[in-house]
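Set out below in structure tokens:
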């Protein structure tokens with residue numbers, strides 16, 4: 001500190017020495033002393049990443065998953081014998097998403113964790129998306145996703161699973177969480193983490209639009225519990241009635257990453 005570094009001088013400047021046949025072009029010091037970027041600054045540049053650079057990749061993964069799932073949602077067997085179960089539809093969406101995210105090499109920035117059957121019962125989530133901090137890879141933002149199917153599909157699946165087919169651990173999980181609905185359990189899970197954890201209820205088809213995929217996302221569902229409102233399917237579906245605008249998946253993620261810390265956010269999204 002305090003050391004003065006003088007600018008290199010041109011040896012031909014302020015000198016009586018001259019070159020014959022010199023051209024009338026710009027002086028040497030102006031022509032060759034133009035500032036150039038340091039090689040070290042170039043090497044550092046790839047380490048500086050934007051917090052939202054994963055959003056286009058996320059959108060590609062969602063597009064692939066939604067398109068593949070729609071094929072099953074819209075499938076009609078001429079003999080009416082084949083029907084995709086809710087479990088199959090959930091797995092098709094999730095497996096397609098994961099496969100695409102791995103191929104795009106985005107899991108180190110935005111990963112996806114599928115829940116075990118016991119976790120799905122206790123926490124109410126089918127999977128959790130997380131935006132990771134670098135270099136710790138700690139989750140900065142989390143989105144817990146619960147998939148909702150058309151009521152007739154869900155009723156058919158529940159009736160097809162005998163009680164004795166459930167494992168002991170699943171029975172224990174059901175007993176421990178029997179006092180709350182799956183919707184309430186996921187809201188409790190997100191609330192326990194904080195405002196940076198969002199609950200996303202993902203509808204694979206709605207009554208008036210069975211072939212498309214929609215979602216309701218919020219980090220403020222606990223406010224309904226505080227007002228003694230029951231969080232159930234009609235409560236969640238009611239968000240669409242007053243909504244004039246549906247976000248796209250990248251629009252949803254952009255709203256999340258640009259939200260001020262501690263603020264509440266509720267969005268309706270169309271994924272297909």
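Residue numbers (UniProt numbering): 1 to 272. For each residue, glycine too, the CB sits at the ideal point set by N, CA and C.
(1) On the DSSP bridge assignment, give the partners of residue 218 in chain order.
(2) Spatial neighbours of residue 138 within its chain, please: C-beta separation below 8 Å, excluding the five flanking residues on both sides.
(3) How many Å lie between residue 256 and residue 265 at the Cα?
(4) Name the DSSP beta bridge partners of residue 131, please?
(5) Could you say if the region 201–210 and the region 247–254 meet the contact criterion of at least three C-beta pairs nearer than 8 Å?
(6) Using beta-carbon positions only, say whether residue 218 and residue 245 come within less than 8 Å of one another.
(7) Taking three-plus beta-carbon pairs below 8 Å as touching, is the region 186–196 in contact with the region 118–129?
(8) One question on the structure: do residue 86 and residue 149 come within less than 8 Å of each other, judged by their Cβ atoms?
(9) Since I believe residue 69 is in contact with residue 231 (beta carbons under 8 Å), could you give me their beta-carbon distance rounded to a whole number of angstroms?
(10) Can you find at least 3 beta carbon pairs, one from the region 71–78 and one from the region 98–105, that sit closer than 8 Å?
(11) Could you pull out every residue in the same chain whose Cβ sits closer than 7 Å to the Cβ of residue 55, ignoring the five residues on either side in sequence?
(12) Would you give the residue range spanned by the alpha helix (DSSP H) that residue 168 belongs to?
(13) Can you give the beta carbon distance from residue 170 to residue 117, rounded, assuming they're within the 8 Å contact cut?
(14) Are the beta-carbon atoms of residue 66 and residue 239 separated by less than 8 Å?
(15) With H, G and I counted as helix, E and B as strand and the rest as coil, what does DSSP make of residue 209?
(16) My output table needs one value for residue 204: the three-state DSSP class, helix, strand or coil.
(17) Does residue 148 come out as helix, strand or coil in the three-state DSSP assignment?
(18) I need the straight-line Cα distance from residue 89 to residue 262, nearest angstrom please.
(19) How would you label residue 182, buried or exposed, when you count the other beta carbons within 10 angstroms and need 16 or more for buried?
Quick answer:
(1) Reading the chain shown from its first residue, position 218 is the one you call residue 218. Residue 218 pairs with 199, 266.
(2) Translated into positions along the chain shown, residue 138 becomes position 138. If we look at residue 138 and ignore the five residues flanking it on each side, its Cβ neighbours are 132.
(3) Numbered from its first residue, the chain shown carries residue 256 at position 256. Numbered from its first residue, the chain shown carries residue 265 at position 265. Cα atoms of residue 256 and residue 265: separation of roughly 8 Å, rounded to the nearest angstrom.
(4) Position 131 of the chain shown, counted from the first residue, corresponds to residue 131. Per DSSP, 110, 141.
(5) The region 201–210 is not in contact with the region 247–254.
(6) Mapped onto the chain shown, residue 218 falls at position 218. Mapped onto the chain shown, residue 245 falls at position 245. No, Cβ-Cβ distance for residue 218 and residue 245 is not below 8 Å.
(7) The region 186–196, when compared against the region 118–129, does touch it at the 8 Å Cβ threshold.
(8) For the purposes of this step, residue 86 is taken as the residue at position 86 of the chain shown. For the purposes of this step, residue 149 is taken as the residue at position 149 of the chain shown. Contact flag set, yes.
(9) Position 231 of the chain shown, counted from the start, is the residue given in the question as residue 231. Position 69 of the chain shown, counted from the start, is the residue given in the question as residue 69. Distance from residue 231 to residue 69 at the Cβ level is roughly 25 Å; contact not present, criterion being Cβ atoms closer than 8 Å.
(10) In this structure the region 71–78 does not lie against the region 98–105, because fewer than three pairs of beta carbons, one per stretch, are closer than 8 Å.
(11) Locating residue 55 in the chain shown gives position 55, counting from the first residue. Excluding residues within five positions, the ones whose Cβ falls inside 7 Å are 250, 253, 254.
(12) As a first step, residue 168 is located in the chain shown; it is residue number 168 there, counting from the start. 168–176 is the extent of the alpha helix (DSSP H) around residue 168.
(13) Counting from one through the chain shown, the residue named residue 170 turns up at place 170. Counting from one through the chain shown, the residue named residue 117 turns up at place 117. With 8 Å as the limit, residue 170 and residue 117 qualify as a contact, their Cβ atoms being about 6 Å apart.
(14) Numbered from 1 along the chain shown, position 66 holds the residue referred to as residue 66. Numbered from 1 along the chain shown, position 239 holds the residue referred to as residue 239. No.
(15) Position 209 of the chain shown, counting from 1, holds the residue named residue 209. Three-state result, residue 209: strand.
(16) For the purposes of this step, residue 204 is taken as residue 204 along the chain shown, with counting starting at 1. It is a strand residue.
(17) Walking along the chain shown from the start, residue 148 turns up at place 148. Three-state result, residue 148: strand.
(18) Against the chain shown, residue 89 aligns to sequence position 89. Against the chain shown, residue 262 aligns to sequence position 262. Inter-residue distance for residue 89 and residue 262 is about 34 Å (C-alpha atoms, whole angstroms).
(19) Along the chain shown, read from residue 1 onward, the residue named residue 182 stands at position 182. Taking every protein chain shown into account, the CB of residue 182 has 16 or more other CB atoms within 10 angstroms, so this residue is buried.
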